[in-house]
Structures are given as C-alpha cells and as structure tokens.
Amino acid sequence: LRLKMAAGAEHGLKRIVWQSKFVEHSILILDQFTTRLLSSCCKMSNLMSEGITIVEDLHKNREPVPEMKAIYFMRPTAMCVDAFINDFKLKPKYKAAYVFFTDYCPDDLFDKMKKNCAKHIKVCKEINVSFLPLEAQVFTCENTEAFKSIYTPNSQDRDQTLETIANQIVTLCATLDEYPGVRYKKDSALDYGNKLAELVDNKLARHYELDDNSKKKVGGKTQAQLLIVDRALDPVSPILHELTYQAMAYDLIPIKDNNYEYKLNDGSKKEALLNEEDELWVKLRHMHIAEVTGQIPKLVKEISANRDEKKQADGKITIGGLSQLMKKMPGFRKQMTQVIDLAEDLMSHFQKNVEKLCKAEQDLAVGADAEGQKVKDPMRTLLPVLLHPHDTTDKIRAVLLYIFSLNGTTAENLNKLIQHVKIEDESGYILNWKHLGVPILSTPSMLSFRKQPRKDRSDKETYNVSRWTPVIKDIMEDAVENKLEVKDWPYQSECPSAWNGSRAVSARQKHKGSSPDDLRSGSRLILFVLGGVSYSEMRCAYEVTHANKSCEVIIGSTHILTPRGLLEDIYKLDK
Numbered sequence: 005l006r007l008k009m010a011a012g013a014e015h016g017l018k019r020i021v022w023q024s025k026f027v028e029h030s031i032l033i034l035d036q037f038t039t040r041l042l043s044s045c046c047k048m049s050n051l052m053s054e055g056i057t058i059v060e061d062l063h064k065n066r067e068p069v070p071e072m073k074a075i076y077f078m079r080p081t082a083m084c085v086d087a088f089i090n091d092f093k094l095k096p097k098y099k100a101a102y103v104f105f106t107d108y109c110p111d112d113l114f115d116k117m118k119k120n121c122a123k124h125i126k127v128c129k130e131i132n133v134s135f136l137p138l139e140a141q142v143f144t145c146e147n148t149e150a151f152k153s154i155y156t157p158n159s160q161d162r163d164q165t166l167e168t169i170a171n172q173i174v175t176l177c178a179t180l181d182e183y184p185g186v187r188y189k190k191d192s193a194l195d196y197g198n199k200l201a202e203l204v205d206n207k208l209a210r211h212y213e214l215d216d217n218s219k220k221k222v223g224g225k226t227q228a229q230l231l232i233v234d235r236a237l238d239p240v241s242p243i244l245h246e247l248t249y250q251a252m253a254y255d256l257i258p259i260k261d262n263n264y265e266y267k268l269n270d271g272s273k274k275e276a277l278l279n280e281e282d283e284l285w286v287k288l289r290h291m292h293i294a295e296v297t298g299q300i301p302k303l304v305k306e307i308s309a310n311r312d313e314k315k316q317a318d319g320k321i322t323i324g325g326l327s328q329l330m331k332k333m334p335g336f337r338k339q340m341t342q343v344i345d346l347a348e349d350l351m352s353h354f355q356k357n358v359e360k361l362c363k364a365e366q367d368l369a370v371g372a373d374a375e376g377q378k379v380k381d382p383m384r385t386l387l388p389v390l391l392h393p394h395d396t397t398d399k400i401r402a403v404l405l406y407i408f409s410l411n412g413t414t415a416e417n418l419n420k421l422i423q424h425v426k427i428e429d430e431s432g433y434i435l436n437w438k439h440l441g442v443p444i445l446s447t448p449s450m451l452s453f454r455k456q457p458r459k460d461r462s463d464k465e466t467y468n469v470s471r472w473t474p475v476i477k478d479i480m481e482d483a484v485e486n487k488l489e490v491k492d493w494p495y496q497s498e499c500p501s502a503w504n505g506s507r508a509v510s511a512r513q514k515h516k517g518s519s520p521d522d523l524r525s526g527s528r529l530i531l532f533v534l535g536g537v538s539y540s541e542m543r544c545a546y547e548v549t550h551a552n553k554s555c556e557v558i559i560g561s562t563h564i565l566t567p568r569g570l571l572e573d574i575y576k577l578d579k
C-alpha cells in the first residue's frame, strides 16, 4: 500500500490516489485516526475493489483469521504498536502482517516490533500522511487536546505537542511534494508560533535529506510558502456570529461528526452528512444565508444539467417547477430536503435571536457602524446586548468583542461586566484569554501589544450584518501579492528561490482559469493556525484562491473551531 495525496485534483486534499495494489483478499486493520483518514478520502467500495474484504478496529477484540493476510495502517504510537504485537506474540491471528505507519516510527518502537514479531512482518513502511484532509483546501491534525497542552499555564507536554504537530505538518508538505519557505509572525505575545516554525523547518530539511526518492535536496525549496499563525492574531473571527451557510450551521445547530438531523414531511427524522460528496452543500457552504434560498433553484438547474438528469427546453427553473424536477431526480430530492430544512432552521435562529446581536457585534469588531462612523463609546454599543435576555454564551461573546475592541479593559470595568453577565464563578470564559496572549486587562505590559493593521474594504459591497473580514484574509492576500514585510514575517531559514504569487507568475499562467489542474501549475500558500481555525477563516482560503487563480491557498490547524467549543476550551485552561 502506498498512498499519495493528489492535491488540486477532483477534491483537492481529499483525493487519494492508490498507486500500489493492496495484498488481495486481505483484512485492513485501522486505529481511530486512520479510520477517520480513510473515511474522509474513500468509500468501502474503493477498498473492496483493491482486494480488502474486512475492515477491523485495531483496539477491539478480533477473531483470529490465520489463513488471511492483514494490512495494519496506524499511527506510530506505543499504544498502536503494543496492540499490533499482541496479535502475533503468542498465537498469530493472521497469516502475515503488512505494516504501514502514518509517519516516522521512533527507533524504540521499531526495535520492539522487530524483537517480538519480525518473522510475521512482510512489509513495514512509513507513508507520510499523518493529517486529516477535511476539505479540498483544509486539513487538520485531528488533535483537540493540543489546545490545552499548548496554552495551559505551566504545561508539562507543550514541547512534545509542538513536536508532534511539526511532524504532522511535514507529512502534509511531503504529501503535497512541497519544500516551502517557513515564515512566522514576529513579536507575538507568545513565542509558540516561532518555536513551531523552527521545528517544522528543521524537520523538513531532515525529511528531504533522508528521502532517496526526492529531488528537493538537489533543487532546494519549492515555490511555496508556509505561514505559521498564532490564534491570538485574531481572537475576533472565531467569536463573532458569522452568517455564511457553513459557519452559521456549525455555530447554531448541534452538528456532530458532520451529521445534521432534519425532519421529513411525515415527521420522521433523518441524518444528512455534510461533506464534499454533496454537490449542493459544496456550492452553498460559503454563501451568505440571505442568498442561500434564492440560489437553490439556480443550483438545481446547474447540477441537474451536469448530471444529464433533465434537459431544460427554455433554460429556466422556477420554484413552482422545482417539485416536478425533484420527482424526476429521486437521489436529488433528499439533498434538496436537507438543504431547505437547514436553511429554514438557520433563518429561524437568525430572526429569533442572532439578528439583534449582529449589529452590535459588527460595530464592536469593525470599530465603526454600517455608515462608517467610528464607534466612540463601545460600552454604549454593548449595553443593549447586556440588557436584553440573550443566552449567557451570547453575552459572553459580546463582552469579549468589547474587550478586544479596546485592547483590554480596567480591572474595575471587567469585574462589573462579569457580574452583569452573572458568571462570577465562571469568569475563566473571559479571563483565560490571557493564556493565549490576548489582552484582557489594560496593564502597562500590554501597551506594546500591536493589533494587525487592517485593509480598507469599505468600498466592497457587503451586508450590514457581515462587515467583518477575518484578519487571516489580509495575510493571505498580502502573502500572495508579495506584500508581507520580512521584518514582521521573517523566514525561518532561506526563502524560496522565487515566491510565485499572483504578481510573480508568467503572463501565460495569469490568464489561466481556476480549475484544479490550473492551480497546480502555479504556486501554493499553506497557512497553519496554531490553536484552531474557524469556518470563516477556512472560507477565506477558497476566496483568495478563486480571486488569484494562479495560487492555491491551503489552510490547516490542530482542529476546527466553533464559538461555543472555543469558549469551553478557554474555560478549561486553568482547571
């Protein structure tokens, strides 16, 4: 088995190309991470076509099948290696073992395997895929515990966590066949981003030095950049109520493992999987909620035409004709039902509660109202939210946006706010942001804290309730256009020979389209957000890629953030 990620293909990061045959009629044994990894990239039918007949969980009791060969695809951890050894130590469960690790296996674990069951191992390889390709341009390390390990005061395993993350980022670069210039934000309140950048740069050098198949050590770095960004750079985006379809859904609706529960006409409930196999979801996910319902008829026409399910004589589909079309497309009816149901669910939340919050949140985040008038008294903007019977979590979010807008507030004012929201015993929701390096109290030590200068987007047409743009979009655009100052974003070591952003492409490339194949011919910008990435920031990667055509932007993190999930993580930091 050898897996190679074909980034920029049909589903970008999620597309896996099987380059070597499985051992036919085999059992595939996976740990929790590799189960998620394979589930995100292929279906059971794909595995069966490669000769896999059974898929088993490494950590569960399994019946011996001594006449069959077993493929082990797992992380190189002590827990996984011990489970593997137990399958062969006394009486072998399988005829032979073909072992594939997601990344580098430490020598002590390798020696342990060799000592206990070497004669049963036919193949042992490291394949450099220890990240989860979540979407076409989004990846995660699938490590929700990393947040606690990195930001807990006096953490004992911070360094080890950063080492693990660095290894995972290296496997991403290796999979993409990139040797990027690594950059980080200088003068951050914490130096974790700097440390991670140093680890990644060193490990990349070592990887390409040891890789006999790679030409990178001969030709040097590729025309790619990897930017390491700390969560404190933009505390606003993951807290704000975002009104694009995907971000809004994961904020307001209880969605677990990408499954959304919706009602059918007969009152029964069904689950829908929100992923890239759903064409409607992919086309709608980055749209503003105000546009979603209006776009459905148009998208139905577009997708149905692509599927050759129905030819439109007049080229139009009306809402009235929608039901007729759905009857002729049974497979599409389910998608339509869940899309409409989710949109209605979100609009109900918006009209009932969120709409009242949005104006205040946007004014505090942007620092100006919809007319462009500067907010002179942020407390006057916050007060209506505190006086309204909003959910406590929504009040906490508004208070945080108020504090962020001021770059910290006085201890006296902070205590009054905590009392007003009635979280005296749960003040960690607000106070613990200091562990991320975000100013909460306006102390002399915080006077040097500089906010990232923002781009003027006042000429862009937008909704009054959606004026905020994530800071990371400014950074993406500046990086692509070669406008990131080296003094603010230094390279960890040498920079690539020629950064091929939108200004550095040939005229022939510049006029190319934005198909995946065209994107591959340009350059690549990879961003890693330490401390979690929000759905609004994920959206920015697609927007900047679409706008620039010649540069593909890929974004990743330890895990994906939702506002409530982030607040809980923050609260637990001092527990």
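Using the working numbering, you'd call the opening residue of the sequence shown number 5 and step up by one each time.
Backbone N, C-alpha and C define an ideal beta-carbon position, used for all residues, glycine too.
#### Entry: Chain-order list of residues whose beta-carbon lies under 8 Å from that of L534 (same chain, five-residue window excluded)
Locating residue 534 in the sequence shown gives position 530, where the first residue counts as 1. For L534, where only same-chain residues beyond five positions count, the Cβ hits under 8 Å are I154, I169, Y196, G197, L200, I232, V233, D234, R235, S561 and T562.
### Task
Specify whether the stretch 458-475 and the stretch 260-270 touch according to this definition: at least 3 beta carbon pairs, one from each stretch, less than 8 Å apart.
no
#### Entry: Residue range of the alpha helix (DSSP H) that includes G569
Counting from one through the sequence shown, the residue named residue 569 turns up at place 565. Where G569 is concerned, the enclosing alpha helix (DSSP H) stretches over P567 to Y575.
### Query
Roughly how many whole angstroms lie between the Cα atoms of S409 and D191?
The sequence position of residue 409 within the sequence shown is 405, counting from 1. The sequence position of residue 191 within the sequence shown is 187, counting from 1. Straight-line Cα distance between these residues: approximately 20 Å.
### Message
Per DSSP, what are the beta-bridge partners of Y254 in this structure?
### Response
For the purposes of this step, residue 254 is identified with residue 250 of the sequence shown, where counting begins at 1. Paired residues: none, contrary to the question.
### Query
Does the separation of the CB atoms of Y539 and E246 fall below 8 Å?
As a working mapping, residue 539 is identified with position 535 in the sequence shown. As a working mapping, residue 246 is identified with position 242 in the sequence shown. In contact: Y539 and E246 (Cβ atoms closer than 8 Å).
### Message
Excluding the 5 residues flanking R40 on each side, which residues of the same chain have their C-beta closer than 7 Å to its C-beta?
### Response
Residue mapping note: residue 40 aligns to position 36 of the sequence shown, counting from 1. Excluding sequence neighbours, R40 sits near L136 and E146.
### Message
Looking at P388: is its Cβ nearer than 8 Å to the Cβ of N411?
### Response
By one-based count along the sequence shown, residue 388 stands at place 384. By one-based count along the sequence shown, residue 411 stands at place 407. No, they are not a contact pair.
### Task
Have a look at the DSSP bridge pairing and note the partners of C128.
Counted from its first residue, the sequence shown places residue 128 at position 124. V103, per the DSSP bridge assignment.
### Message
The alpha helix (DSSP H) that contains K190, what's its start and end?
### Response
Here residue 190 corresponds to residue number 186 of the sequence shown, with the count starting at 1. It is not in any alpha helix (DSSP H) - K190 carries neither H nor E in the DSSP assignment.
### Spatially closest choice to I33 from K305, R66 and C46, by CA coordinates
Within the sequence shown, residue 33 is the residue found at index 29, counting from 1. Measuring from the Cα of I33, the nearest candidate turns out to be R66.
### Helix, strand or coil at T562 [DSSP, three-state]
Translated into the one-based positions of the sequence shown, residue 562 becomes position 558. Reduced to three states, the DSSP call for T562 is coil.
### Task
Report all residues from its chain with a CB closer than 6 Å to the CB of D573; omit the five preceding and five following residues, and keep chain order.
The residue given as residue 573 occupies position 569 in the sequence shown. Excluding sequence neighbours, D573 sits near F151.
### Query
Taking DSSP as the reference, what is the three-state secondary structure of T179?
Within the sequence shown, residue 179 is the residue found at index 175, counting from 1. Helix, per DSSP.
### Query
Quick one: what does DSSP say P137 is sitting in, helix, strand or coil?
Translated into the one-based positions of the sequence shown, residue 137 becomes position 133. If DSSP states are grouped into helix, strand and coil, P137 belongs with the strands.
### Task
Give the DSSP-derived three-state secondary structure of P96 in the structure shown.
To locate residue 96, count along the sequence shown from 1; it is residue 92. Three-state DSSP puts P96 in coil, outside helix and strand.
### Task
For H550, count neighbouring C-beta atoms within 10 Å of its own C-beta (all shown protein chains included) and say buried if the count is 16 or more, exposed if not.
Here the question's residue 550 lines up with position 546 in the sequence shown. With fewer than 16 Cβ atoms within 10 Å of its Cβ, H550 is classed as exposed.
### Message
The beta strand (DSSP E) that contains K273, what's its start and end?
### Response
In the sequence shown, counting from the first residue as 1, residue 273 sits at position 269. It spans K273 to L277 - the beta strand (DSSP E) in which K273 sits, taken as one unbroken run.
### Task
For the alpha helix (DSSP H) containing T385, list its first residue and its last residue.
In the sequence shown, counting from the first residue as 1, residue 385 sits at position 381. Segment P382 to L391, the alpha helix (DSSP H) holding T385.
### Query
According to DSSP, which residues form a beta bridge with I31?
Within the sequence shown, numbered from 1, the residue matching residue 31 stands at position 27. Looking at the DSSP assignment, I31 forms a beta bridge with I58 and A74.
### I232: first and last residue of the uninterrupted beta strand (DSSP E) it sits in
Taking the first residue of the sequence shown as 1, we reach residue 232 at position 228. Counting along the chain, the beta strand (DSSP E) containing I232 begins and ends at A228 to D234.
### Task
Count the other C-beta atoms from every protein chain shown that fall within 10 angstroms of the C-beta of T396, then say buried if there are 16 or more, exposed otherwise.
As a working note, residue 396 is residue 392 in the sequence shown. Flag for T396 reads exposed.
### Query
Terminal residues of the continuous beta strand (DSSP E) containing K267?
Indexing the sequence shown from 1 puts residue 267 at position 263. Segment N263 to K267, the beta strand (DSSP E) holding K267.
### Message
My output table needs one value for A209: the three-state DSSP class, helix, strand or coil.
### Response
The residue labelled residue 209 in the question sits at position 205 within the sequence shown. Helix at A209.
#### Entry: Among D349, D91, E283 and D255, the one whose alpha carbon lies nearest that of Y632
Residue numbering for the chain in the displayed model covers 5 to 579; residue 632 lies beyond these limits and cannot be assessed.
### Task
Give every residue of the same chain whose Cβ lies closer than 6 Å to the Cβ of V204, excluding the five residues on either side of it in the sequence, and list them in chain order.
Taking the sequence shown and counting its residues from 1, the one referred to as residue 204 is at position 200. Contacts found: A170, I173 and V186.
### Task
Starting from the Cα of I75, find the closest Cα among L94, K47 and S30 and give me that residue.
On the sequence shown, residue 75 is found 71 positions in, with the first residue counted as 1. If we check each option's Cα against that of I75, S30 comes out closest.
### Query
Applying the criterion that 16 or more other CB atoms from any shown protein chain within 10 Å of the CB defines a buried residue, is V490 buried or exposed?
For the purposes of this step, residue 490 is taken as the residue at position 486 of the sequence shown. Exposed, by the Cβ-count rule.
### Task
Assign T144 to one of three DSSP states: helix, strand, or coil.
Counting from one through the sequence shown, the residue named residue 144 turns up at place 140. T144 falls in the strand class under three-state DSSP.
### Task
Any chance you could list the alpha helix (DSSP H) runs of at least 4 consecutive residues sitting entirely within the stretch 422-485, in chain order?
432-435 and 475-484
### Task
Report yes or no: do three or more beta-carbon pairs, one from the stretch 371-381 and one from the stretch 298-309, lie closer than 8 Å?
no
### Message
Per DSSP, what are the beta-bridge partners of E556 in this structure?
### Response
The sequence position of residue 556 within the sequence shown is 552, counting from 1. Looking at the DSSP assignment, E556 forms a beta bridge with R528.
### Task
Determine, using beta carbons only, whether Y98 and M72 come nearer to each other than 8 Å.
Residue numbering aside, residue 98 sits at position 94 when the sequence shown is read from its first letter. Residue numbering aside, residue 72 sits at position 68 when the sequence shown is read from its first letter. Contact: yes.
### Task
Give me the Cα-Cα distance between K18 and S44, rounded to the nearest whole angstrom.
On the sequence shown, position 14 is the one that residue 18 refers to. On the sequence shown, position 40 is the one that residue 44 refers to. Note on K18: pLDDT 44, under 50, position unreliable in the model; no value is reported.
### Query
Which one of L62, K399 and M48 has the shortest CA to CA distance from I56?
Translated into positions along the sequence shown, residue 56 becomes position 52. Minimum Cα distance to I56 is reached at M48.
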